[in-house]
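*Asks:* Chains as they are written, first to last, in UniProt numbering: chain U, 1 to 337; chain A, 1 to 337; chain X, 1 to 337. I'd like to ask some things about the structure below.
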């Protein structure tokens, strides 16, 4: 049930050490990418290497049809998942994705938040997609904020972004997205805190990660761990993401810059198609361990199964009092009674 | 038509003085809570006591069925309203709610924005609700921002939050919310300006405070008064809240921190289920007195009756020119003509 | 295809010089307003005059029925467009709009973001509209941020706002809005960068500017030009605006205040009825020239035709490689295939 951390090096480096060694300007280095096992909890290490300076990272992504009829992206053949792996880079890095299309359908990969030329747009408009069986390279680059006009600054690339198909079944990848071709893309800025755990939550039509309760992921962490949520909206419906007993600031990181930061603090946020956001919380901080719900707050969506559990275990990893009973109740979740 | 300010002391204090006297660290003090009379205008005093330091406040809330078939929360038996009373505390305070369930249905109270253990979650998942006729205590705590990882800060609890049922009619309180079990929760930070008037606006399905025009509340203030709106979304539909002739900053308080604060200034904002926000305006500032509309800006929602009036009287409380005629027109509001 | 910059002076000034000459406190000066030709690209000059100090600007606006059955606002008789002209003033200015109703329907003009008395509300509630054939003056004023309570500041008027009918076909102008009576209103603050190009994008029900693909505007700019998008939501549906390969900060200007500004950077944003936002991008910056899509990211909306092209030409204005083919493909856009 726990995801695996997989790195795909260009030239045989497989350990974290070798990735760090490659982290110099202009040196090709592997991307840090996390495979979420079945959409559930995934351990992400604190050490993802250092912010690069024009660092080129490379990854091979496989698009495949799953036995269920869904489609997924994966970092190894036969290992596609819904959502796809978290792709994570430092602001300033460039990411080269070699997309292998192991399906019999036209498809692509289109990112949000980063830079790309029209050839890497991933859209049929720009003739940028993989034919069935085709392998194609997409290049995404990133950059720090820079001075703009009149003393204002142009935005950098750091953010909680996402990627998705833009070609399967139409001009806009509607069928590809509906069937699972999506994932999280994190671009970090130097100094951003790294999480202990990382979870991707995609509100896609009336599902979470193409599942409904009681099959929605149970995300697990231990009391006090730094947990990162990356929330993505897709499909045809509007949604609101709510997490019980935890909250975050409505800005780039979810943290405040200081005690006087005017950012709104929230525990519920609109999550509509194409939008994404992310934040970190300290699991159970101020509220204790237990089974905490996360769900769409549109009432008939939560009643219809858009609800999951964020299980905060005791600090030693043991099950807190009452949590198993809560999980048992969750596994009987139905459409309202 | 005007609401009443009611305080429920633990040990017999009933005056504002006694509340202030109790406002020392560790001392149990009554909560400041405002009963909105029929969902309409409510005077709130400038003096709500001082920011506490771990102050424990207690309040008894009664959940009751109303003659109309709606359900409401109230601060006295037989006095339940829709929306329920504004519960208002200082950041750092703890609030103990003794919820008396005077109905024959399972129900609960679930807050947004504050801290609570699983036993106070208010959800069936955590077996946290009142059976019919049962009294149960829920504890909500709050805290100031604190230093977090890497020089970032963890959010405090201050905000324009809300509370609602999470158990009547299902896992998520869908029936309870639909029928009126909701209200505003304000957590203030030391230094936050206090309002002269305070209004709760809940966009719940296709209603405002479970009413449609011409029965939606007329909120009244005098020119120059500091007026606080607390806006809450509920139900199954998406909405946009628009207030004529007044605007606010999209941040924690609705005020700017200074002339260079980059916050967006708005007069229309998404208000979707589970979301809430609040702000203060100076009534009629720069625009004069009169009958100003507030409404959902989704066209068929406003046409269908999601529209009310913010009546800004002259500074002396008299009716401004043209305002009575506007109110008369409002009382003939229908579904478009 | 290119819009025209038109100024309507009060007393015969027609050149930009004369407008600048009039830009002293208390002096009546023409409004800077841009007519968007057929909703497509419009050149806006860098020089719009200087921030005024209580400057009174005047403009005459004509509301007319179009041959298509739509309605539009225009700055000359017979020249109404959908969307209407961009009305643009400096924070501190007052704008007097003489609205000439050349139709046989009741209608009005209602602004967001600025100050107005009830007589200029534009709503039937306040008896503020034009009868068929009637001419009526509406006055909108603006102001800088000012000190408010407790060291906080009251918002100024600067922002990316909009105006629309509030009277045609009902209390809320639902028919007028549905049929095209809307436009952008920009209030700039001293120091705000001025754009080279300016585009208005209105998501109105299931259309963009009351058009669907392949008839949605192709917005054109040259590589490196400063391009301003003003995005407005209207109607009955929820939407999300996405622009390929460009992004902006979620604050008043879309720029950051500096490298540490915590504002979220985005390339997709909710755009629901009554809401509006704006931002500037450097065309093709970091991504190169080409045909970049902008579209609603709600999948069945984009498939249904809520998609257009932002054509970034080479710096010399020539067509970049592949762009004509992309435009050709766009012109065959259908409901998914």
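Where is the CB? At the ideal position from N, CA and C, for every residue including glycine. Computed from a predicted model, the values in this text were never measured in an experiment.
In the DSSP assignment, what are the bridge partners of residue 130/A?
*Replies:* Note: residue 130/A sits in a beta bridge opposite 107/A.
*Asks:* Specify the secondary structure class of residue 255/X as computed by DSSP and reduced to three states.
*Replies:* Residue 255/X: coil per DSSP, three-state reduction.
*Asks:* In the DSSP assignment, find the alpha helix (DSSP H) that holds residue 327/X and state where it starts and stops.
*Replies:* Unbroken alpha helix (DSSP H) run through residue 327/X: 323-330.
*Asks:* Are there three or more Cβ pairs, one per stretch, closer than 8 angstroms when the region 263-271 of chain U is compared with the region 312-329 of chain U?
*Replies:* Too few Cβ pairs lie closer than 8 angstroms, so no.
*Asks:* Name the residues in the region 170-194 of chain A whose C-beta lies less than 9 angstroms from a C-beta of chain U; which are they?
*Replies:* So the list reads 170, 171, 172, 173, 174, 175, 177, 178, given in the order they occur along the chain.
*Asks:* Suppose you measure from the CA of residue 137/U to the CA of residue 119/U; what does that come to, to the nearest Å?
*Replies:* Roughly 9 angstroms between the two C-alpha positions.
*Asks:* To the nearest angstrom, how far is the alpha carbon of residue 330/X from that of residue 244/X?
*Replies:* Looking at the two C-alpha atoms, the distance is approximately 15 angstroms.
*Asks:* Threshold first: 4 residues or longer. Then list the alpha helix (DSSP H) segments lying entirely within the UniProt domain "Plastocyanin-like" (208-315) of chain A, N to C.
*Replies:* Correct list: 299-303.
*Asks:* Measure the alpha-carbon distance for residue 197/U versus residue 221/U and round it to whole angstroms.
*Replies:* Going by the C-alpha atoms only, they are around 7 angstroms apart.
*Asks:* Enumerated in chain order, which unbroken segments of the beta strand (DSSP E) with a length of 3 residues or greater are wholly contained in the UniProt domain "Plastocyanin-like" (81-190) of chain U?
*Replies:* Correct list: 86-90, 94-101, 135-141, 159-164, 182-188.
*Asks:* Taking all protein chains shown into account, decide if residue 228/U is buried (16 or more other Cβ within 10 angstroms of its Cβ) or exposed.
*Replies:* Buried.
*Asks:* Taking the beta strand (DSSP E) that residue 198/U belongs to, which residues open and close that run?
*Replies:* Its beta strand (DSSP E) spans residues 197-204.
*Asks:* Could you compute how far the alpha carbon of residue 301/U sits from the alpha carbon of residue 214/U?
*Replies:* One C-alpha to the other measures close to 13 angstroms.
*Asks:* Output needed for residue 266/A: all residues of its chain with C-beta closer than 7 angstroms, excluding positions within five of it in sequence on either side, in chain order.
*Replies:* Excluding sequence neighbours, residue 266/A sits near 247, 248, 250.
*Asks:* Using a C-beta to C-beta distance shorter than 7 angstroms, which residues of chain A count as neighbours of residue 238/X?
*Replies:* Ordered by position in chain A, the residues that pass the 7 angstroms Cβ test against residue 238/X are 238.
*Asks:* From residue 87/A to residue 142/A, what distance separates their C-alpha atoms?
*Replies:* When rounded, the distance between both Cα atoms is 13 angstroms.
*Asks:* Using a Cβ-Cβ cutoff of 9 angstroms, what residues of the UniProt domain "Plastocyanin-like" (208-315) of chain A are near chain U? List them in chain order.
*Replies:* Cβ contacts with chain U come from 233, 234, 235, 236, 237, 238, 249, 250, 251, 252, 253, 255, 256, 257, 261, 263, 270, 272, 273, 274, 275, 276, 277.
*Asks:* Pull up the CB-CB distance for residue 233/A and residue 199/A, whole angstroms please, since I reckon it's below 8 angstroms.
*Replies:* In fact, because the Cβ distance is near 15 angstroms, the residues do not count as touching under 8 angstroms.
*Asks:* Against chain A, does residue 322/U count as a neighbour if the rule is that its beta carbon must be under 9 angstroms from one of theirs?
*Replies:* Residue 322/U counts as touching chain A.
*Asks:* Mind listing the chain U neighbours of residue 333/X? Cutoff is C-beta to C-beta under 8 angstroms, in chain order.
*Replies:* 171, listed in chain order.
*Asks:* How is residue 54/A classed by DSSP in three states: helix, strand or coil?
*Replies:* Of the three classes helix, strand and coil, the one that applies to residue 54/A here is coil, per DSSP.
*Asks:* Taking the beta strand (DSSP E) that residue 317/U falls in, what are its first and last residues?
*Replies:* Segment: none, residue 317/U is in no beta strand (DSSP E) and carries neither H nor E.
*Asks:* Can you pull the chain X residues whose beta carbon is under 8 angstroms from the beta carbon of residue 329/A, in chain order?
*Replies:* What residue 329/A touches in chain X: 124, 125, 127.
*Asks:* Strictly under 9 angstroms for the Cβ-Cβ distance: is residue 68/A near chain U by that measure?
*Replies:* With 9 angstroms as the cut-off, residue 68/A does not count as an interface residue toward chain U.
*Asks:* I need the boundaries of the beta strand (DSSP E) containing residue 72/X, first residue and last residue.
*Replies:* Residues 71-74.
*Asks:* Taking Cβ positions, are residue 117/U and residue 307/X nearer each other than 9 angstroms?
*Replies:* Contact flag unset, no.
*Asks:* Mind checking the region 131-160 of chain X against chain A and listing, in chain order, the residues whose C-beta falls within less than 8 angstroms of any C-beta there?
*Replies:* Per Cβ criterion, the list reads 141, 143, 144, 145, 148, 149, 150, 151, 152, 153, 154, 155, 156, 157, 158, 159.
*Asks:* Is residue 135/U buried or exposed, if buried means 16 or more other CB atoms sit within 10 Å of its CB?
*Replies:* Residue 135/U should be labelled exposed.
*Asks:* Answer with yes or no whether the minimum CB distance from residue 113/A to chain U is below 9 angstroms.
*Replies:* Chain U contact via Cβ: present.
*Asks:* Relative to the C-alpha of residue 84/X, which candidate in 164/X, 311/X, 224/X has its C-alpha closest?
*Replies:* With distances taken between Cα atoms, residue 84/X lies closest to 164/X.
*Asks:* Go ahead and label residue 169/A buried or exposed: buried means 16 or more other beta carbons lie within 10 angstroms of its beta carbon, across all protein chains shown.
*Replies:* Counting Cβ neighbours within 10 Å, residue 169/A comes out buried, since at least 16 surround it.
*Asks:* For residue 339/U and residue 183/U, what's the separation of their Cα atoms in angstroms?
*Replies:* For residue 339/U there is no data in the structure shown, the boundaries of chain U being 1 and 337.
*Asks:* If we ignore side chains and look at the alpha-carbon of each, how far apart do residue 255/X and residue 131/X end up?
*Replies:* Straight-line Cα distance between these residues: approximately 42 angstroms.
*Asks:* With a 10 Å radius around its C-beta and 16 neighbouring C-beta atoms as the bar for buried, classify residue 316/U as buried or exposed.
*Replies:* So residue 316/U counts as exposed.
*Asks:* Please identify the residue among 210/A, 114/A, 77/A, 209/A whose C-alpha is closest to the C-alpha of residue 139/A.
*Replies:* Among 210/A, 114/A, 77/A, 209/A, the Cα nearest to that of residue 139/A belongs to 114/A.
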